[in-house]
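Contents: one structure, followed by commentary.
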Amino acid sequence: MEKKGRIGIIGLGLIGGSMAISLSRSCDVVGMSRNPETVEYALSSGMITSAARSYSDFAGCDAVVVCTPLSLVKKTVEDVYAALGDTTVITDVGSVKGMLSGLPGRIIGGHPMAGTEQSGIRAAKERLLENAYYILVDYNDNPADLELVRRIALACGAVPVVMSAARHDRLVAKISHLEHMAAYALVNSAMTGDEHIVGSGFMDTTRIASSSPEFWNTVAALNRGNIVDEMDRYIATLSDLRRDIAAGRDITAFLAEAKEKRDKLKYSRRFMSEYVVYADVPDCVGSIVGVLDRLAAAGISISNLTVMNSREGAGGALRIELKDEPSYRKAKEILG
Ligand code: NAP
771 MEKKGRIGII GLGLIGGSMA ISLSRSCDVV GMSRNPETVE YALSSGMITS
821 AARSYSDFAG CDAVVVCTPL SLVKKTVEDV YAALGDTTVI TDVGSVKGML
871 SGLPGRIIGG HPMAGTEQSG IRAAKERLLE NAYYILVDYN DNPADLELVR
921 RIALACGAVP VVMSAARHDR LVAKISHLEH MAAYALVNSA MTGDEHIVGS
971 GFMDTTRIAS SSPEFWNTVA ALNRGNIVDE MDRYIATLSD LRRDIAAGRD
1021 ITAFLAEAKE KRDKLKYSRR FMSEYVVYAD VPDCVGSIVG VLDRLAAAGI
1071 SISNLTVMNS REGAGGALRI ELKDEPSYRK AKEILG
C-alpha cells in the first residue's frame, strides 16, 4: 500500500510508540527518542520508517507529534518551532493543555485519554488509543491544521473531541487529577503502619496511587489552580459528610444520590471496562479454571482478571472485567 504523508514523533514511549505503530500503517513515520536503543528497536520492529537526529530532520513532515514526558513537552514544542517555524504543524499529547497557550506557530494541542501504568517503547500497543477520547485544542485558530491532527487521532482509532485548553484543564482536574490526589492522600492518611489486612474497598479506591509520583508532581504544578478548586469542593463535601456523621444524622439520602450517579456510569462509558463481575471461588485446585471454562463455553471473552485476597464487600475472590455490556449481562447470569 502506498503511504500517504509523513509524520514525525518525538519520544518513543508508551504513547509515542503506540501512535507510531498505528500511523506507520498509512504514513512514513520519522522517529526520535532520547535513548539510541529505543530508536533502534523502533526501526527494527517497523514502528518508524526513519530516525531523526535533530529537529531539522523533521523538515518535510506534515506534522510533528511531541510525546516526551510531560515536564518536557512545552520546551520540546518551543525547540521544534525554533527549528522548523511554520513549515509544519506541531502537536503534542501532554496531559495538561494550558501550558501551550500563547505559543506561536501552527500548534494544535492533543491529549489522548488512554494509557496504562506501564511506560517505555516496549509497553506500546497498536490498539492503545482505540475508542479513547482524543482531546484537540486549536490554540491559534488554524482549522486546516486542526483537521490534519483530527485525522491523526482517527488513524490511531481514537475519538477526536475539540475544546479549549481552559475547558480541558478544568475537566481533567475534575475527572482525573482530583482523584489521583485524593487516592495518594487516602493512602497516606489510612496507612499508619499498623494495618495487616486491607479491604477490597481500599484497594479499589487507591489503585491509582501506584501511578508515577514524578508525573503527578508535574501535573499538580501545571494544573494547580483547577486542582485546588476541585480539592476545595471535595473538602467541603467531605466536611459536610463528617458533620452529619458526627451529629448522628441519617446519611442514606446522600449515599443513595452518589450510588445512583455512579451506577449510571457503568452503562455510559465508552472506554475502560466498567463491566465487572465477581465470582466466589473455593480455595481448591481448578476452581478458577472452572469459572473461566463456564464463561468460555458461553462465548464470553474477558478483558481482565484479578484474584483478590480480600473478599470484604465484594462477595467473591475473582474479579472479572468484561469487554461490553452484553458480555457483562451474560456473565452475571451465568455466575449469579
Ligand atoms: P513514556 O512511556 O515514559 O514515554 C516517553 C518517552 O520519551 C520515554 O520512553 C523516553 O524514551 C522518551 N524521552 C524522554 N526524554 C526525551 C527527550 N528529551 N527527547 C526525546 N525523547 C525523550 O511516557 P508516556 O506515558 O508515553 O507519556 C508521554 C506523554 O504522553 C506525556 O506528555 C504524557 O502527559 C502524555 N500522556 C500519557 C498518558 C499515559 O497514561 N501514560 C496518557 C495520555 C497522555 P527513551 O528514554 O526510551 O528514548
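Be aware that the sequence shown starts at 771, since it is given in my numbering, and climbs by one per residue.
Beta carbons are placed, not taken as given, at the ideal position from N, Cα and C, and that holds for glycine.
Ordered along the chain, which non-local residues of its own chain (more than five positions away) have a Cβ less than 6 Å from that of residue i?
i: Thr-808; result: Leu-782, Ile-891
i: Tyr-904; result: Pro-882, Ala-923, Ala-928, Pro-930
i: Phe-1041; result: Because Phe-1041 carries a pLDDT of 41, less than 50, the predicted location of this residue cannot be relied on, and the following value inherits that uncertainty. Within the same chain, Phe-1041 has close Cβ partners Asn-901, Ala-902.
i: Val-836; result: Ile-780, Val-843, Thr-846, Val-847, Asp-862
i: Val-957; result: Thr-976, Ala-979
i: Asp-996; result: Here residue 996 turns out to be Asn, not Asp, going by the sequence shown. Counting only Cβ-Cβ distances below 6 Å, and skipping sequence neighbours, we find Asp-939, Arg-940, Ala-943.
i: Gly-1060; result: none
i: Cys-926; result: Met-789, Ser-792, Leu-899
Is the closest heavy atom of ligand 1 to the C-beta of residue i under 7 Å?
i: Leu-992; result: no
i: Met-869; result: no
i: Met-951; result: no
i: Thr-861; result: no
i: Ile-780; result: yes
i: Ser-820; result: no
i: Leu-793; result: no
i: Ala-955; result: no
i: Met-802; result: yes
i: Gly-879; result: no
i: Ile-777; result: no
i: Asn-996; result: no
i: Cys-926; result: no
i: Ile-1090; result: no
i: Leu-784; result: yes
i: Ile-922; result: no
i: Gly-885; result: yes
i: Val-843; result: yes
i: Ser-865; result: yes
i: Leu-941; result: no
i: Cys-831; result: no
i: Ile-905; result: no
i: Cys-837; result: yes
i: Leu-948; result: no
i: Ser-889; result: yes
i: Thr-808; result: yes
i: Pro-930; result: no
i: Leu-840; result: yes
i: Pro-736; result: Because the chain spans 771 through 1106 in this model, residue 736 falls outside it and cannot be assessed.
i: Asn-910; result: no
i: Asn-805; result: yes
Keeping to the same chain, check which residues put their C-beta closer than 7 Å to that of residue i; ignore five residues upstream and five downstream.
i: Ser-871; result: Tyr-909, Ala-935
i: Val-919; result: Ala-833, Val-859, Thr-861, Ile-878, Gly-880, Leu-906
i: Ala-1101; result: Val-1047, Leu-1065, Ile-1070, Ile-1090, Leu-1092
i: Arg-776; result: Cys-797, Asp-798, Val-800, Gly-830, Cys-831, Asp-832
i: Thr-838; result: Ile-780, Gly-781, Thr-846
i: Met-771; result: Note that Met-771 scores a pLDDT of 49, beneath 50, so its modelled location is shaky and nothing firm can be said.
i: Asp-1033; result: none
i: Asp-731; result: Outside the shown range of the chain, which is 771 to 1106, sits residue 731, and nothing can be said about it.
Take residue i and list the residues in its own chain whose beta-carbon comes closer than 8 Å to its own, dropping the five residues that flank it on each side.
i: Asn-993; result: Val-866, Gly-868, Asp-939, Val-942, Ala-943, His-947
i: Leu-728; result: Residue 728 is absent from the structure shown; the chain starts at 771 and stops at 1106.
i: Met-933; result: Ile-905, Leu-906, Val-907, Leu-941
i: His-950; result: Ile-978, Ala-979, Ser-981, Trp-986, Val-989
i: Ser-803; result: Ile-780, Gly-781, Leu-782, Gly-783, Gly-786, Val-809, Ala-812, Ile-891
i: Gly-885; result: Leu-784, Ile-785, Leu-898
i: Ala-1004; result: The displayed chain sequence assigns Tyr, not Ala, to residue 1004. Leu-948, Ala-952, listed in sequence order.
i: Lys-1031; result: none
i: Ile-1015; result: Ile-1021
Our contact map puts residue i next to residue j with C-beta atoms below 8 Å; I'd like the distance itself, whole angstroms only.
i: Glu-848; j: Leu-873; result: 7 Å
i: Leu-1088; j: Ile-1058; result: 6 Å
i: Glu-896; j: Ser-792; result: 6 Å
i: Asn-912; j: Arg-876; result: 5 Å
i: Ala-952; j: Ser-788; result: About 28 Å; that fails the 8 Å criterion.
i: Ala-822; j: Gly-778; result: 6 Å
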